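K.L.:
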Amino acid sequence: MRVVESINRALHDLMEANLRLVILGEDIIDPYGGAFKVTKGLSSAYRDRVWTTPISEGSIVGMAAGLALKGRPAIVELMFGDFIALAADQIINHAAKFRWMYNDQVEVPIIIRAPMGGRRGYGPTHSQSLEKHFCGVPGLTVLATHEYADPGALLHRAFASRSPHLIIENKVMYSRPVLGAAALPRPPDADIVILTYGGCVEHAVAAANKLSEEEEIATAVVAVEQLSPFPGEDILSQVGNCSRVIAVEEGSPGWGFASECARALIGRVKHFSALAGPDHPIPSSREWEDDLLPGVNAIQAACIDLFTRG
Amino acid sequence: MNEHAIRKDRDVPASSLGELRIVTTSALQNLALPKAGNTLLGFELPIEVRLYQQMMLIRLVEERLLDLFSQGLLFGTTHTSIGQEANAVGVVNALDRDRDIIWSNHRCHGHFIAYSGEVEGLIAEIMGRVTGICGGRGGSQHLCFRNFHSNGIQGGIAPVAVGSALARKDEGAVAVVFLGDGTMGEGAVYESLNLAAIFGAPVLFVIEDNEIAQTTPKNLTVSGSIVARAEPFGIRSFAYDGNDPVEICELAQEAVSYVRAESRPCWLYLRTERIGPHSKGDDTRPALRLEQARARDPIPPMRRRVANFEEIDAFCRSVVDRAVESAAAAAMARG
Chain A
4 MRVVESINRA LHDLMEANLR LVILGEDIID PYGGAFKVTK GLSSAYRDRV WTTPISEGSI
64 VGMAAGLALK GRPAIVELMF GDFIALAADQ IINHAAKFRW MYNDQVEVPI IIRAPMGGRR
124 GYGPTHSQSL EKHFCGVPGL TVLATHEYAD PGALLHRAFA SRSPHLIIEN KVMYSRPVLG
184 AAALPRPPDA DIVILTYGGC VEHAVAAANK LSEEEEIATA VVAVEQLSPF PGEDILSQVG
244 NCSRVIAVEE GSPGWGFASE CARALIGRVK HFSALAGPDH PIPSSREWED DLLPGVNAIQ
304 AACIDLFTRG
Chain B
300 MNEHAIRKDR DVPASSLGEL RIVTTSALQN LALPKAGNTL LGFELPIEVR LYQQMMLIRL
360 VEERLLDLFS QGLLFGTTHT SIGQEANAVG VVNALDRDRD IIWSNHRCHG HFIAYSGEVE
420 GLIAEIMGRV TGICGGRGGS QHLCFRNFHS NGIQGGIAPV AVGSALARKD EGAVAVVFLG
480 DGTMGEGAVY ESLNLAAIFG APVLFVIEDN EIAQTTPKNL TVSGSIVARA EPFGIRSFAY
540 DGNDPVEICE LAQEAVSYVR AESRPCWLYL RTERIGPHSK GDDTRPALRL EQARARDPIP
600 PMRRRVANFE EIDAFCRSVV DRAVESAAAA AMARG
C-alpha cells in the first residue's frame with residue numbers, strides 16, 4: 004500500500020465510523036479527488052459530508068472550527084501546505100485557543116492536512132515546509148507523517164484526540180510504499196543517530212544504509228512523528244548513549260526542528276550538527292532544488308564530518 | 300432589498316415590572332435544571348419593560364466597569380457598548396436562547412448580558428477572578444457561556460459562525476455574528492458571506508455601525524455602502540436606523556425567522572452610536588460629534604415608555620452592586 008492509499012483508507016474508515024464527520028477543502032470531490040488524490044472516492048461514498056470549497060483557506064479552517072465546536076468534527080485539506088499562511092489567524096487565534104480560553108467548556112476536534120515539501124519543481128510558493136511556524140502554538144498538535152510508520156494510523160490517532168491537529172504530509176511521499184518501522188535502520192550501539200521527520204526520512208534512511216555499508220559507520224534513523232509539542236523525552240531515550248547526533252529537516256534553517264532537537268539534547272551528546280533547506284525561497288529549477296534540499300549525499304557527508312570530529 | 304428605515308412614535312404602554320426577585324448568578328448555578336433565562340432578564344415582563352431592564356443592566360454594568368478602571372481595580376482593557384444597548388437586547392431577544400448560537404466581538408458585554416444575564420460571571424471574569432465565566436482565562440473579550448462565544452480578533456469569528464450554524468442547522472438553530480463598521484476591512488467577512496451563501500448556512504450577520512473604528516471615522520475606512528455589502532452574494536439584507544430596541548427586536552425577529560425557515564444567511568445592518576470611548580479615555584471625537592451621539596442614546600426615550608423605570612433602575616443597580624461585591628470577594632485566578 005502506498006502512503007496516499009493509507010491516508011485515503013483512513014479517511015474512508017473515519018467517515019464510515021463517524022456520521023457527523025465532515026471533510027472539506029478545495030477540489031476534493033470526484034472525479035478529481037484532490038490535487039494529490041488523497042480524497043479520491045470520498046465524495047462518491049459520502050456525498051453529503053465531503054464539501055468542495057471556494058478558495059478561502061482562512062475561512063475554510065474557521066468554518067471547520069465552528070463545525071467542530073458545535074458537534075461536527077472536521078478534516079480540512081489544504082491543497083498545498085504553503086497556503087496555510089492564509090489560515091494562520093484561524094489556527095492560532097481561534098481553533099487552537101478556544102478550548103483553553105473558554106475554560107475547557109468546549110472542544111475543537113479538527114484536523115488540518117497540509118501537503119508540504121519540495122523536490123517536485125513547484126517553485127517558491129508551492130514547495131515549502133512551513134510547519135515550524137505552527138510548532139509551539141499552544142493548543143495545536145503538529146504531526147508529520149512518513150512511510151516508516153502507518154500514515155493512516157496517525158490520522159486515526161489525531162482524530163481520537165478530539166483536539167486541533169495539523170498533519171504535515173509530504174508530496175513526494177504520497178507515492179511511496181508504506182514500509183513500517185521495522186525498515187528503519189536501528190543498529191545497536193550506533194555511531195551516529197539521525198533525527199529527522201517527514202519527507203527527509205527516506206533520504207536519511209538511504210544515507211544511513213550507505214554509511215553502514217560503505218564507511219562502516221553504524222547509523223540509526225529516528226523518524227519523529229510528533230513535531231509539536233516537541234517530544235523531547237522520547238527523543239532522548241531514542242538517542243540513548245550515542246554521542247553524535249545530526250538533525251535533518253527540509254525547511255529553512257534556524258528556529259526549527261534542529262533547534263528543538265538541540266534543546267532536548269543539551270548536555271547529553273558530544274557532537275551535534277544540523278542540515279536544513281536554504282535560507283532563501285526554493286527555486287523552481289529541479290536540479291538546483293536537489294542541490295539545496297538535504298538529500299542522501301549531503302546527509303552522508305554531514306555524518307562523515309560528524310564522525311571524524313571524534 | 301428590504302429597507303427598514305423607520306422611526307415610529309409609540310404610545311407609552313401601561314407596563315408593570317412584575318414580581319422582582321433578585322437572583323444572583325451563584326444562586327442560579329444551584330438550580331436543579333439550569334436553563335437559559337431568569338428574572339434578571341425579565342422574561343415575564345412586557346417587551347418594552349423587558350428590553351428596558353436589559354438595557355439598563357448593560358448600561359450600569361459597563362458604567363461600573365469604567366468606574367472600576369478609573370479606580371485602578373481592573374487591568375488590561377475593556378470595550379464598552381454604551382449607546383449600543385438597543386442592538387444587543389433587540390437582536391438577542393429575537394433568538395431562541397436554548398438552541399441559537401451567538402458569536403460576538405471585542406465589544407461583547409451587552410450581547411453577553413442580554414443572552415445570559417450572568418452579570419456576576421462577567422464582572423468576575425473582567426476582574427480576573429476564579430468565579431469568572433471563563434475562570435479568569437478569557438477576560439473582557441473572550442467569553443463563553445452555553446452557546447455564546449466571543450473573541451478579540453476582528454472578523455475572525457465570521458467563518459467560525461458559519462461553521463457553527465452549519466453544525467446545528469439540522470436542529471433548526473440560527474447563528475448570529477456581531478460585526479461592526481470597522482470590521483468591514485477584514486477579508487474574512489467577505490469569505491464568510493460567500494461560504495454562508497454557497498453552503499446555505501443559517502447565519503444572521505449583524506452589523507453595528509457606530510461610524511467609528513477605535514478613533515478612526517468611518518469615512519476614512521469604509522468605501523461604498525455597508526448596507527449593500529451582502530447583496531452581491533445573493534444575501535437578503537435589512538437595514539435600520541433608529542436605536543429603538545423594540546423595533547430592532549421586531550426586525551431581528553423577521554430576519555431570524557427568514558434565516559431559520561429558509562436556512563439562508565441574512566445581513567442585518569443597524570446604525571447606532573457609541574457614546575463612550577473605544578476602550579478607556581481614548582475618545583478623540585469633537586464635542587459636537589459626541590453631542591450628536593448622546594442625542595441618540597436609546598435609554599431616555601424608553602423611560603418615557605416604561606412607567607416604573609426608576610424601580611427597574613434601582614433593581615439593576617442592586618444587581619450590579621451585589622455582583623461587584625461578590626466578584627471582589629472571590630479569589631484572583633492564578634491557574
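These protein sequences, in sequence, are chains A and B. Each residue of the first sequence is one higher than the last, beginning at 4 in this note's numbering. Each residue of the second sequence is one higher than the last, beginning at 300 in this note's numbering. No residue lacks a Cβ here, since even glycine has one placed at the ideal position from N, Cα and C. None of these values were measured; they are calculated from a predicted model.
(1) Does at least one heavy atom of the ligand NAP sit under 8 Å from the Cβ of A:Gly124?
(2) Nearest-angstrom Cα distance between B:Arg593 and A:Gly139?
(3) Based on DSSP bridge pairs, tell me the residues matched to B:Gln552.
(4) Cα-Cα, which of A:Gly65, A:Glu172, A:Glu219 and A:Met176 is closest to A:Pro190?
(5) Counting only beta-carbon separations shorter than 9 Å, does B:His405 have a partner in chain A?
(6) Residues in the stretch 42–55 of chain A with C-beta within 9 Å of chain B's C-beta atoms, listed in sequence order?
(7) Alpha carbon to alpha carbon, what distance is there between B:Gly462 and B:Arg398?
(8) Rounded to the nearest angstrom, what separates B:Asp582 and B:Glu510 at their Cα positions?
(9) Per the contact definition of three or more C-beta pairs closer than 8 Å, is the stretch 5–25 of chain A in contact with the stretch 70–83 of chain A?
(10) Using C-beta distances below 6 Å, list every residue in its chain close to A:Gly126, excluding the 5 sequence neighbours before and after it, in chain order.
(11) Out of A:Arg52, A:Leu182 and A:Ala67, which one is the CA nearest neighbour of B:Ala457?
(12) Rounded to whole angstroms, what's the CA-CA distance from B:Thr376 to B:Lys579? Just pull it up for me.
(13) Around the Cβ of B:Ala554, are there at least 16 other Cβ atoms within 10 angstroms (buried) or fewer (exposed)?
(14) At a Cβ cut of 9 Å, what residues of the stretch 161–172 of chain A count as close to chain B, listed as they run along the chain?
(15) Using CA coordinates, which residue listed in A:Phe86, A:Leu143 and A:Pro232 is at the minimum distance from A:His97?
(16) Between which two residues does the alpha helix (DSSP H) holding A:Glu218 run?
(17) So, A:Gly37 versus A:Ile171, is the Cβ gap smaller than 9 Å?
(18) Report the residue ranges of all beta strand (DSSP E) runs contained in full by the stretch 482–555 of chain B; include only those spanning at least 3 residues, in chain order.
(19) Cβ of B:Asn386 less than 9 Å from any chain A Cβ?
(20) At the 9 Å Cβ level, is B:Gly486 part of the contact set with chain A, yes or no?
(21) According to a CB-to-CB cut-off of less than 7 Å, which residues of the stretch 15–42 of chain A neighbour chain B?
(22) Okay, do the stretch 474–481 of chain B and the stretch 389–408 of chain B touch, 3+ Cβ pairs below 8 Å being the bar?
(23) By a C-beta neighbour count over all protein chains shown, 10 Å radius and 16 as the cutoff for buried, is A:Glu150 buried or exposed?
(24) Determine, using beta-carbon pairs with one atom in the stretch 281–300 of chain A and one in the stretch 99–109 of chain A, whether at least three such pairs fall under 8 Å.
(25) Please report the distance separating the alpha-carbon of A:Ala305 from that of A:Glu217.
(26) So, is A:Tyr35 buried or exposed, given that buried needs 16 or more other C-beta atoms within 10 angstroms?
P.N.:
In short:
(1) In terms of ligand content, the structure shown is empty, and the ligand NAP therefore cannot be addressed.
(2) Within the second sequence, the letter at position 294 stands for residue 593 of chain B. Within the first sequence, the letter at position 136 stands for residue 139 of chain A. Here the alpha carbons of A:Gly139 and B:Arg593 stand approximately 47 Å from one another.
(3) Sequence index remark: in the second sequence, residue 552 of chain B carries index 253 (1-based). Looking at the DSSP assignment, B:Gln552 forms no beta bridge with any residue, so it has no partner.
(4) Indexing the first sequence from 1 puts residue 190 of chain A at position 187. Looking at the Cα atoms, A:Glu219 is the closest of the given residues.
(5) Taking the second sequence and counting its residues from 1, the one referred to as residue 405 of chain B is at position 106. No Cβ of chain A is located within less than 9 Å of the beta carbon of B:His405.
(6) Of all residues in the stretch 42–55 of chain A, Trp54 have a Cβ within less than 9 Å of some Cβ in chain B.
(7) What you label residue 398 of chain B is simply residue 99 of the second sequence in a count that begins at 1. What you label residue 462 of chain B is simply residue 163 of the second sequence in a count that begins at 1. Their Cα atoms are separated by approximately 15 Å.
(8) Here residue 582 of chain B refers to the residue found at position 283 when the second sequence is read from its first residue. Here residue 510 of chain B refers to the residue found at position 211 when the second sequence is read from its first residue. Near 13 Å, if we compare the C-alpha coordinates of B:Glu510 and B:Asp582.
(9) By the Cβ test, the stretch 70–83 of chain A is in contact with the stretch 5–25 of chain A, since at least three Cβ pairs between them sit closer than 8 Å.
(10) Counting from one through the first sequence, the residue named residue 126 of chain A turns up at place 123. Listed in chain order, the non-local C-beta contacts of A:Gly126 below 6 Å within the same chain comprise Ser287, local neighbours out to five positions each way being set aside.
(11) Residue mapping note: residue 457 of chain B aligns to position 158 of the second sequence, counting from 1. Answer by Cα proximity: A:Ala67.
(12) As a working note, residue 376 of chain B is residue 77 in the second sequence. As a working note, residue 579 of chain B is residue 280 in the second sequence. As the crow flies, the alpha-carbon of B:Thr376 is around 7 Å from that of B:Lys579.
(13) Indexing the second sequence from 1 puts residue 554 of chain B at position 255. Here B:Ala554 is buried. Its C-beta has 16 or more other C-beta atoms within 10 Å.
(14) Listed by position, the residues of the stretch 161–172 of chain A near chain B (Cβ gap below 9 Å) amount to none.
(15) Within the first sequence, residue 97 of chain A is the residue found at index 94, counting from 1. Taking A:His97 as reference, the option from A:Phe86, A:Leu143 and A:Pro232 with the minimal CA-CA separation is A:Leu143.
(16) For the purposes of this step, residue 218 of chain A is taken as residue 215 along the first sequence, with counting starting at 1. No alpha helix (DSSP H) contains A:Glu218, which DSSP labels as neither H nor E.
(17) Counting from one through the first sequence, the residue named residue 37 of chain A turns up at place 34. Counting from one through the first sequence, the residue named residue 171 of chain A turns up at place 168. The answer is no: Cβ separation not under 9 Å.
(18) Entirely contained in the stretch 482–555 of chain B, the beta strand (DSSP E) runs reaching 3 residues are, in chain order, 502–508 and 535–540.
(19) Residue mapping note: residue 386 of chain B aligns to position 87 of the second sequence, counting from 1. False, the Cβ-Cβ gap to chain A never drops below 9 Å.
(20) Here residue 486 of chain B refers to the residue found at position 187 when the second sequence is read from its first residue. It does; some Cβ of chain A falls within 9 Å.
(21) If you check each beta-carbon in the stretch 15–42 of chain A against every beta-carbon of chain B, none falls closer than 7 Å.
(22) Note that the stretch 474–481 of chain B touches the stretch 389–408 of chain B; at least 3 beta-carbon pairs, one per stretch, sit closer than 8 Å.
(23) Taking the first residue of the first sequence as 1, we reach residue 150 of chain A at position 147. Flag for A:Glu150 reads buried.
(24) By the Cβ criterion, the stretch 281–300 of chain A is not in contact with the stretch 99–109 of chain A, since fewer than three pairs of Cβ atoms, one from each stretch, lie closer than 8 Å.
(25) Start at 1 with the first residue of the first sequence, and residue 305 of chain A comes out as number 302. Start at 1 with the first residue of the first sequence, and residue 217 of chain A comes out as number 214. Looking at the two C-alpha atoms, the distance is approximately 15 Å.
(26) Locating residue 35 of chain A in the first sequence gives position 32, where the first residue counts as 1. A:Tyr35 sits exposed, since fewer than 16 C-beta atoms from the chains shown fall within 10 Å of its C-beta.
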